[in-house]
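Beneath this line is the structure, given in structure tokens, with notes to follow.
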Amino acid sequence: MGFLKLKRNISYNALARDIHVFSAMLVMLLMLFFAISGFFLNHPDLSDGDTASTSITIESPSWLNQRPDWAENYAYNGLNLMLWLDNTHDIRGVDYEFEWDDYDQLLIVTLQSPGSHTLIEFFSQEQRIEIHQSPFGLLDTLNNIHRSKHTTTLWRYVSDASAIVMIIFCLSGLWLALINKKTRRASSHWLIAGSSLFLLVLYLMH
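Each residue of the sequence shown is one higher than the last, beginning at 3 in the numbering used here.
Right under this line is the structure:
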């Protein structure tokens, strides 16, 4: 019985070791990304700074000018305008908002993505479109991705999945540290010290 129990423990430990190693390999790049971008999030003074904005004016397509009832259908027409700009001018975003100014007969479309902010103004009476684009620097873009700000649903799924794998990585590492008699005492001390420091910082913030 003792031999079988020892053999079972060895197999569990080997499984935990494999889980720890392969989970680390699976999300290594993501862990580095979140660590590095998290550092820059805490230091906004290291930002890329303001980038050059661009503004262009283009003639609106005839099919858009002929659309009736803008006040009632501005959101639907705005979606078609977005598709046209995507196909013809490579202008796109992840999150968008529509606003209709009845006084000026003006459609305002706001596009947001991790790397840029775009404001589109369609003047229905003048049949022209003004596009104002403000790209972000690399660090600001990475920070927005870190926070899942204006990111796609696919990225949110990847972020959630990576969080689960990171938890598995941490727990399997804890298991391996505590079952090793040579490192158990030191590992326990470091665990208590790190946890105490974290809880103390949380307490001092309130």
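Glycine included, C-beta positions come from ideal geometry on N, C-alpha and C.
Residue environment, L144, which counts as buried when at least 16 other CB atoms sit within 10 Å: Here L144 is buried: its Cβ has 16 or more other Cβ atoms, across all protein chains shown, within 10 Å.
Y53 vs P116 beta-carbon contact at 8 Å: Position check: residue 53 holds Thr in this sequence, whereas Tyr was assumed. The Cβ atoms of T53 and P116 lie no closer than 8 Å to each other.
Worksheet item: Since V203 is in the alpha helix (DSSP H), which residue starts that stretch and which ends it?
Response: 186-206 is the extent of the alpha helix (DSSP H) around V203.
Span of the beta strand (DSSP E) holding E132? Counting along the chain, the beta strand (DSSP E) containing E132 begins and ends at 130-137.
Where F200 falls, given that 16 or more other Cβ within 10 Å makes a residue buried:
Flag for F200 reads exposed.
Problem - Cβ pair V167, S13 closer than 8 Å - result: No, Cβ-Cβ distance for V167 and S13 is not below 8 Å.
Own chain partners of D97 with C-beta closer than 6 Å, once the 5 adjacent residues on each side are dropped: If we look at D97 and ignore the five residues flanking it on each side, its Cβ neighbours are Q114, H152.
Rounded to whole angstroms, what is the Cα-Cα separation between L28 and L34?
Roughly 12 Å separates the two Cα atoms.
Does the Cβ-Cβ distance between Q107 and W65 come in under 8 Å? At a Cβ-Cβ threshold of 8 Å, Q107 and W65 do not count as neighbours.
Do you know how far the Cα of H119 is from the Cα of S126? Cα-Cα distance, rounded: 23 Å.
Review point. Helix, strand or coil: which one does DSSP assign to D50?
Key: The three-state reading of DSSP puts D50 in coil, since its state is none of H, G, I, E or B.
Around the Cβ of L87, are there at least 16 other Cβ atoms within 10 angstroms (buried) or fewer (exposed)?
Its Cβ being crowded by 16 or more others within 10 Å, L87 is buried.
- Message: Bridge partners for V111 per DSSP, in chain order?
- Response: Bridge partners of V111: F100, I122.
Problem - Per-residue DSSP class, three states only, for L6 - result: For L6, the predicted structure reports a pLDDT of 46, less than 50, and the residue's modelled location is therefore unreliable. The matter cannot be settled from this model.
- Item | Through-space distance from E101 to N44, alpha-carbon basis | Rounded to whole angstroms, N44 to E101 spans 34 Å at the Cα level.
Next item on the list: Let me know if S174 comes out buried or exposed under the rule of 16 or more other beta-carbons within 10 Å of its beta-carbon.
Entry: With 16 or more Cβ atoms within 10 Å of its Cβ, S174 is classed as buried.
ask   = Going by other Cβ atoms of all chains shown within 10 Å of its Cβ, with 16 needed for buried, is F124 buried or exposed?
value = With at least 16 other beta carbons inside 10 angstroms of its own, F124 counts as buried.
| query | Taking DSSP as the reference, what is the three-state secondary structure of T153? | reply | DSSP places T153 outside both helix and strand once states are collapsed to three, so it counts as coil.
Quick one: grab the DSSP three-state call for S57. The answer is strand: DSSP assigns S57 an E or B state.
Fill in: Between the CA atoms of T56 and E128 - distance to the nearest angstrom
Approximately 21 Å, taken between the alpha carbons.
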